[in-house]
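K.L.:
Submitted below is the structure of interest, expressed as structure tokens.
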Amino acid sequence: GLTVSGGPRPGVLGGLGALLRGCGSPAAPPAVLAGAGAGADAALEPDQLHTVYPELLKRLDDNADAVRIEATRVFVEYFRAVDANARYDRFFFGVHLAHIYKGLLVHMDDPSAQVQEAVMASLKAGAHVHAALLLEQIAAARGKHRSAAYCDELALYAKPLVRQDPRDATSSS
């Protein structure tokens, strides 16, 4: 099991879901989120990764900017773990990735510029996982944002990352 007091951990992201649920408060201390996100474990099973992201998305709805910003930092580690995981099929698990991208894109229109920048950084990390899918989600969200500037910047970043995979051909046109 997970021991928070410096004992053995079953992988940083593996323990993150339990840590977040164990906080019992919608305003989890940012330090808990930051410590949990450091050093993502690429050896996690996809179902473990899928257990974590709903809890992170919930933290994006927190009232405290600091908690929302820390959640986006953990998403950067999350995307790195997914991208490094040979067992994670981005097409098979596309519905999960689409849900994450949609949730983050909503918060890229946050009133706080700091939160917007933090979300942008996490989505740039997410672009390395499935750029074609992210571009679809950006196109769907663009008209809903007060300003399209962040969506346009993210799309410019993501376009060159679309992999030369035949399964991307329908998505990247």
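If you read the sequence shown in the numbering used here, its first letter stands for residue 149, the second for the next number, and so on. From the three backbone atoms N, C-alpha and C, an ideal C-beta is built for every residue, glycine too.
1. Leaving out the 5 sequence neighbours to the left and right, which residues in its chain are closer than 8 Å to L309 when beta-carbon positions are compared?
2. Measuring only the C-alpha atoms, how far is D231 from H293?
3. Short check: CB of A270 to CB of T199, under 9 Å?
4. Do the stretch 252-272 and the stretch 297-306 touch if we need at least three Cβ pairs shorter than 8 Å?
5. Please work out which residues of its chain come closer than 7 Å, Cβ to Cβ, to P178, disregarding the five sequence neighbours upstream and downstream, and give them in chain order.
6. CA-CA distance, D257 and F241?
7. Which of helix, strand or coil does DSSP assign to F223?
8. In angstroms, rounded to a whole number, what distance separates the CA positions of E301 and G251?
9. If you drop the 5 nearest sequence neighbours on each side, which residues of the same chain put their C-beta closer than 7 Å to that of A246?
10. Compare the Cα-Cα distances from Y201 to each of A261, V222, A287 and report the closest residue.
P.N.:
This is what the structure gives:
1. A275, H276, A279
2. 28 Å
3. At residue 270 the sequence reads Ser, which differs from the Ala that was named. Going by C-beta atoms, S270 is not nearer than 9 Å to T199.
4. yes
5. Its pLDDT being 48, under 50, P178 is placed unreliably by the model, and the measurement read from it follows with that caveat. Here the set comprises A214, V215, E218.
6. 26 Å
7. helix
8. 18 Å
9. L281, Q285
10. V222
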